[in-house]
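Peer 1: Pasting in a structure now, in structure tokens, and then I'll have a few things to ask.
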Amino acid sequence: MAESPGSAGRLTFYGSVGVEAEDYQYESEYGTRDRTRLRTRFDLNGRGFIWDPRFATFDAGITLQRENVQTAENDVGGNTSYNMLGYRLNTTWFANKPYPLSIYANRSQNTVSDFWSPSYELTTSNLGARWGLENRWLGRTSFYLDRMSSESGSTLVPRSEQHLSFGLDANQKLLPKQWGESDMSYGYRHTAWDEMVYGSRQRQDYFYLNDRSLFGDRANLTANVTYYDRSDQWGAMGSGQEWASSFLGLNTMLNIQQTEKFRHYYGLGLGFNNFGESQSASQNLSGGVNYRFNDQWQANATIGLSTYRTESAVDGTSLEQDGSSTSGSAGILYSSTIGNYLVNGGYTMALTKTGTSGTAGAGSLPGQQNATHTINLGYTRMNSPLYADSLQLRMSQTVGEPSGSEANIRYSVTSALTPSDMLQGVAEYRRYQQDYRVWTNAVSAYDYYYYGLDSQSARLDFGWLHRLSEASSLMLSAGATSGESQGVALDTRYAQARATLRLRSALHLTALARAEQIEGQESIAGQKITVESDLNYRIGKWQASVRYRLRDAKQEFAPFREKSLMLMLRRDYGFHL
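Here the sequence shown is numbered in numbering that gives the first Met the number 0, starting from 0 and rising by one per residue.
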């Protein structure tokens, strides 16, 4: 859509007129589906000011759209039409002030005529405002108010809804440029929704407070508090259910840069949640240190403790449960530049222990603990304009409950043969194993069985990028993936060509052709062919495009073939008064 940013007069008009046509066909062993769609659209927009641009500006528009769809599915079909008339008005008052007042109003009328049901109308209206102020006590504050209604008198698609939301967002700085400087943001949200057809409603009040305080150059404290209170009532033909819920959360983090090489931090989190007759509370403490020995070596360690408690009532019986989790980790990292190589590596050990205490009315599961050892190694070649590669290796082993292992190695390379030709390649291997217990009876800690996860995959991809010009390129790629998960093998091979061509100054073509072969899993095994192309032409205020899509899935289960052709023509316009 063409717009004129400035205006020689008081009014600027702009918009577009367009038509779009599409033909879609789908074939499978279960039947056929054909669709022909024709859409026309007219947009008229106006922009200007009242008396003086510093006093009030406005942006208004009207949209007319008509869409006709002819469908046929297994020789059964008909015609469906969609008509839409929309209005909008946005006004800004005192635009030159730090906090202008913005008021908007939108309205749309949609008429749907189906071949299988009576026609119906749906009307949607929106009204809202935005404004702000700056106060010594409140800080920089912005307010908003939005109201939306949706109405339909149809017995087929009945609708009568009202949405209301309002709130504020504020930012305040306390003790600026002093010890204890605080940058605080806070806000409030109220949302209300009423559905009058079936008698449903929803109310929610939400508060938040975020703060970041500085204590000199080496310490800062961040904190955030959130709270919401919500009620829901869902009606269904005269009967319904009601729920009430609330949540209060607090999270803080103290970060201290003791020296240039030594940093330590501490965290605290609290959460309280209520939903109906269920309540839960959680607490967590955490801390960590990081020490850099030199430019190459550094070490870090973390520790965490969390607890929770839940209470609920089921059929008049009170159920309670307590749980806790303790975790800790320590690691050493290495990073250095050797010639043109950036070499990195590290080792980390993590310990975890979890447990649940007895519950009233049910048993408790035994605690679990494990230790995970992780090694990372790798390098990246730098400062080589014609050749760059990277190798990364990650291995981990977990002992305890649950137990498992993971291995991942990835090698990637990029080579610039000429200024217009580039080769790319990726080789990767992954292996993941895990064994854990599954309890069949929570009352007895001995009713369980072991379940194992085992998957591995290998991937190889190659690509050649050839630049025909600054705006045109051709990308050829091929690859294969071979994997197995839980004893089920899956192999995939593909070849793909992607082209971006600038045929003339205003004529652009993008095309994609992809062939894929999948073997192994019966539900998706088979051959798949995808062809896509987009041809766009734009000159002056005229724009035309042609889009073609083809997907042929000759798979063993539920094969199908679908294709579509879409044509679009649009003319933009604009003038001043």
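Glycine is no exception: its CB is placed at the ideal position from the N, C-alpha and C atoms. Here the structure is a predicted model, which means the values were calculated and not measured.
#1: Check each candidate in E194, A104 and E120 and name the one with the smallest Cα separation from S80.
#2: Are H575 and T11 touching if we call contact CB-CB under 8 Å?
#3: Given this structure, state the Cα-to-Cα distance separating N289 from L341, to the nearest angstrom.
#4: Is the stretch 225–236 in contact with the stretch 255–264, if contact means three or more CB pairs nearer than 8 Å?
#5: CA-CA distance, G649 and Q516?
#6: Does the beta-carbon of Q542 have 16 or more other beta-carbons within 10 angstroms, so that it is buried, or is it exposed?
#7: So, are the CB atoms of A498 and A510 less than 8 Å apart?
#8: Could you give the uninterrupted runs of the beta strand (DSSP E) lying entirely in the stretch 78–156, keeping only those of 3 residues or more?
#9: Around the Cβ of G14, are there at least 16 other Cβ atoms within 10 angstroms (buried) or fewer (exposed)?
#10: In chain order, what residues of the same chain lie with their CB nearer than 6 Å to the CB of P97, ignoring the 5 residues before and after it?
#11: How about S281 and T306: are their beta carbons less than 8 Å apart?
#12: Note the first and the last residue of the continuous beta strand (DSSP E) segment covering M394.
#13: Let me know the alpha helix (DSSP H) ranges lying completely inside the stretch 509–565, each 4 residues or longer, listed in chain order.
#14: According to DSSP, is V196 part of a helix, a strand, or is it coil?
#15: Please go through the same chain and pick out, in chain order, the residues whose beta-carbon is closer than 8 Å to the beta-carbon of Q485, but skip the five residues on each side of it.
#16: Which of the three DSSP states is assigned to M381 in this structure?
#17: Tell me whether the beta-carbon of D168 lies closer than 8 Å to the beta-carbon of R211.
#18: N254 by DSSP, collapsed to three states: which one?
#19: Measuring only the C-alpha atoms, how far is R466 from L422?
#20: Helix or strand or just coil, what does DSSP make of A361?
#21: Exposed or buried, which one is T417 when buried takes at least 16 other CB atoms within 10 Å?
#22: State the beta-bridge partners of L269 as determined by DSSP.
#23: Using the three-state DSSP reduction, which class does F54 fall into: helix, strand or coil?
#24: If you draw a straight line from the C-alpha of L247 to the C-alpha of D294, how long is it?
#25: Across which residues does DSSP place Q240 in a beta bridge pair?
#26: Excluding the 5 residues flanking W130 on each side, which residues of the same chain have their C-beta closer than 6 Å to its C-beta?
#27: What residue does the beta strand (DSSP E) around E319 start on, and which one ends it?
#28: Y449: buried (16+ other C-beta within 10 angstroms of its C-beta) or exposed?
#29: Quick one: Cα of A470 to Cα of R569, how far?
#30: What are the residues that DSSP puts in a beta bridge with E66?
#31: Return the CA-CA distance between A557 and S395, expressed in angstroms with no decimal places.
#32: DSSP three-state call for F214: helix, strand or coil?
#33: By Cβ distance, which residues of its chain are closer than 6 Å to Y187, with the 5 residues on each side in sequence left out?
#34: Could you check where the beta strand (DSSP E) with K352 kicks off and where it finishes?
#35: When DSSP labels each residue in this structure, what does R503 get in the three-state scheme?
#36: How about E427 and R458: are their beta carbons less than 8 Å apart?
Peer 2: Result, derived from the coordinates:
#1: That would be E120, whose Cα lies nearest to the Cα of S80.
#2: For the pair H575 and T11, the CB atoms are nearer than the 8 Å cut-off.
#3: Each residue's CA atom was taken as its position, placing N289 and L341 some 22 Å apart.
#4: Fewer than three pairs of CB atoms, one per stretch, sit closer than 8 Å, so the stretch 225–236 makes no contact with the stretch 255–264.
#5: No statement about residue 649 is possible, as the shown extent of the chain runs from 0 to 576 and does not include it.
#6: By the 10 Å Cβ count, Q542 comes out buried.
#7: The answer is yes: Cβ separation under 8 Å.
#8: As summarised for the stretch 78–156, the continuous beta strand (DSSP E) elements at least 3 residues long and confined to that stretch are 100–112, 119–134 and 138–151, given in chain order.
#9: G14 comes out buried.
#10: Contacts found: none.
#11: Yes, the Cβ-Cβ distance between S281 and T306 is below 8 Å.
#12: Taken as a continuous stretch (DSSP letters only), the beta strand (DSSP E) holding M394 covers Y386 to G399.
#13: Counting only runs of at least 4 residues, the stretch 509–565 fully encloses no alpha helix (DSSP H) element at all.
#14: Reduced to three states, the DSSP call for V196 is coil.
#15: If we look at Q485 and ignore the five residues flanking it on each side, its Cβ neighbours are L452, D453 and S454.
#16: M381 falls in the coil class under three-state DSSP.
#17: Result no, Cβ atoms of D168 and R211 do not sit closer than 8 Å.
#18: Here N254 sits in strand by DSSP.
#19: For R466 and L422, the distance between alpha carbons rounds to 12 Å.
#20: Since pLDDT at A361 reaches only 48, below the 50 mark, its modelled position is unreliable, and the value read off the structure follows with that caveat. In this structure, A361 counts as coil in the three-state DSSP scheme.
#21: Note on T417: under 16 other CB atoms within 10 angstroms of its CB, so exposed under the neighbour-count rule.
#22: Partner(s): L249 and Q282.
#23: Taken through DSSP and simplified to helix, strand or coil, F54 comes out as coil.
#24: Near 43 Å, if we compare the C-alpha coordinates of D294 and L247.
#25: In the DSSP output, where bridge partners are listed per residue, Q240 has W233.
#26: For W130, where only same-chain residues beyond five positions count, the Cβ hits under 6 Å are L100 and F142.
#27: Taken as a continuous stretch (DSSP letters only), the beta strand (DSSP E) holding E319 covers T316 to I337.
#28: Its Cβ having fewer than 16 others within 10 Å, Y449 is exposed.
#29: Distance between the alpha carbons of A470 and R569: 24 Å.
#30: Paired residues: R38 and Y81.
#31: So the alpha carbons of these two residues sit roughly 40 Å apart.
#32: Residue state, collapsed to three classes: strand.
#33: Annotation for Y187: G166, L167 and F206 place their beta carbon closer than 6 Å to its own, counting only its chain and skipping 5 residues before and after.
#34: DSSP places K352 inside the beta strand (DSSP E), whose first and last residues are Y340 to T355.
#35: DSSP, read as helix, strand or coil, puts R503 in strand.
#36: Contact flag set, yes.
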